[in-house]
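J.:
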Amino acid sequence: MTLLEVRGLSKSFGGLRAVDDVHFAVETGSIVGIIGPNGAGKTTCFNLVSRALPVTSGRILFDGQDVTALQAHQVARRGLARTFQSTTLFTEASVLDNVMVGYRQRTSAGVWDALLRSRRLAREEQDAQEAGRGILATVGLADLADRTAGSLTQEQQKRLAIAVALVAGPRLLLLDEPSAGINAEQTRDLIALIESIAAGGVTVLLIEHQMQVVMHLCQRIMVLDYGRKIAEGTPDEIRRDPAVLEAYLGHT
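Taking numbering that gives the first Met the number 0, the leading residue of the sequence shown gets 0, the next gets one more, and so forth.
1) Would DSSP call residue 237 helix, strand or coil?
2) Applying the 10 Å Cβ sphere with the 16-neighbour rule, what's the burial state of residue 164?
3) Around the C-beta of residue 109, are 16 or more other C-beta atoms found within 10 angstroms, so that it is buried, or is it exposed?
4) Going by other Cβ atoms of all chains shown within 10 Å of its Cβ, with 16 needed for buried, is residue 0 buried or exposed?
5) Does the stretch 198-215 come close enough to the stretch 168-176 to have 3 or more Cβ pairs within less than 8 Å?
6) Would you list the residues sitting across from residue 206 in a DSSP beta bridge?
7) Assign residue 3 to one of three DSSP states: helix, strand, or coil.
8) Between the Cα of residue 213 and those of 226, 235 and 72, spot the shortest distance and give me the residue it belongs to.
9) Assign residue 12 to buried or exposed, taking buried as 16 or more other Cβ atoms, counted over all protein chains shown, within 10 Å of its Cβ.
10) Would you tell me roughly how many angstroms separate the C-alpha atoms of residue 31 and residue 122, rounded to the nearest one?
11) Any idea which residues DSSP pairs residue 26 with across the strands?
12) Given a cut-off of 8 Å on the beta-carbon distance, is the pair residue 17 and residue 40 in contact?
13) If you follow the alpha helix (DSSP H) that residue 62 is part of, which residue opens it and which one closes it?
14) With 16 as the cutoff for other CB atoms within 10 Å, does residue 224 come out buried or exposed?
15) Return the first residue and the last residue of the beta strand (DSSP E) that residue 183 is part of.
16) Examine the Cβ distances between the stretch 67-78 and the stretch 131-139 and report whether three or more of them are shorter than 8 Å.
17) Give me, in chain order, the residues of the same chain whose beta-carbon lies closer than 8 Å to that of residue 54; leave out the 5 immediate sequence neighbours on both sides.
18) Comparing C-alpha positions only, which one of 185, 43 and 193 sits nearest to residue 51?
19) Rank 220, 133 and 60 by C-alpha distance to the C-alpha of residue 238 and give the top, closest one.
20) For residue 180, which of helix, strand or coil comes out of DSSP?
21) Check this for me: beta carbons of residue 90 and residue 27, under 8 Å apart or not?
22) Got a sec? Which residues, its chain only, sit under 6 Å from residue 209 by beta carbon, not counting five neighbours each side?
23) Return the residue from the list 144, 134 and 100 that minimises the CA-CA distance to residue 124.
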């Protein structure tokens, strides 16, 4: 079953065509990678799919529904979550509080609930605490719940960013350069974490520069170059594709 389908996706910034007529699909339960040289349009593609940017042309279908005109919070409520290339956290807040912020989209308490300290607010705060501690255990940070996010290592902050994205229970998780800035051993641990997330029923679409990560994790890989899709296939097919070797792999 197709969870995400992108049809003719394009994005222009003035005279620059950052994403140019890109088509691809992500099947439910799969791990799909997007690779390409710097400036190929990978993160712009993520920003379009997650609705952080408006599209110039094309359509985005999530779970069979056209979400092209929706805003980021609306598509997030439908089950799409993402991380960013530069880890974005509330560094002075606790690890648990950061995750509880990610849970906020699942709550319905409003201003009056906060002013009156309603039962609904108390129940949702308890639910957020329980969900937050549960997801911290999933990403291996349960013992660090009360630490400030800014005191964590780079690798721990990446795990926390994934926890913030996961706590709302998404069906599709977009990971932007998850292994950037961490060492080989930490990368192996991160690969195991992503595999466990996928095994738990979350579909994963990731951007990654480290080829060993992409080749190990992904069932299918799409290659972008100058905003256009130049190849798509299994890891073995991508390894042998002449256009990929020329545009990307041959430059590493």
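From the three backbone atoms N, C-alpha and C, an ideal C-beta is built for every residue, glycine too.
T.: The short version:
1) Helix.
2) Buried, since its Cβ has 16 or more Cβ neighbours within 10 Å.
3) Caution applies to residue 109, whose pLDDT of 49 falls short of 50 and renders its modelled position unreliable; the value that the coordinates give is listed next. The residue is exposed, with fewer than 16 neighbouring Cβ atoms inside 10 Å.
4) It is exposed - the Cβ of residue 0 has fewer than 16 other Cβ atoms within 10 Å.
5) With a cut-off of 8 Å, the stretch 168-176 and the stretch 198-215 count as touching, because enough Cβ pairs lie within range.
6) Looking at the DSSP assignment, residue 206 forms a beta bridge with 33 and 175.
7) Of the three classes helix, strand and coil, the one that applies to residue 3 here is strand, per DSSP.
8) Of the listed residues, the one whose Cα sits closest to residue 213 is 235.
9) By the neighbour-count criterion, in which a residue is buried when 16 or more other Cβ atoms sit within 10 angstroms of its Cβ, residue 12 is exposed.
10) Taken atom to atom, the span from the alpha-carbon of residue 31 to that of residue 122 is near 37 Å.
11) DSSP, once it has assigned bridges, lists 1 as partnering residue 26.
12) Residue 17 places its beta carbon less than 8 Å from that of residue 40.
13) No alpha helix (DSSP H) contains residue 62, which DSSP labels as neither H nor E.
14) Residue 224 is buried by the Cβ-count criterion.
15) Per DSSP, residue 183 lies in no beta strand (DSSP E); the unbroken alpha helix (DSSP H) holding it starts and ends at 183-198.
16) No contact exists between the stretch 67-78 and the stretch 131-139.
17) In the same chain as residue 54, and ignoring 5 residues on each side of it, the C-beta atoms closer than 8 Å to its own belong to 8, 9, 10, 47 and 67, in chain order.
18) Looking at the Cα atoms, 43 is the closest of the given residues.
19) Check the Cα spacing between residue 238 and each of 220, 133 and 60: the tightest is with 220.
20) Residue 180 falls in the coil class under three-state DSSP.
21) No, they are not a contact pair.
22) If the five residues before and after residue 209 are omitted, its C-beta is found closer than 6 Å to the C-beta atoms of 178, all from its own chain and listed in chain order.
23) From the listed residues 144, 134 and 100, the smallest Cα separation to residue 124 is found for 100.
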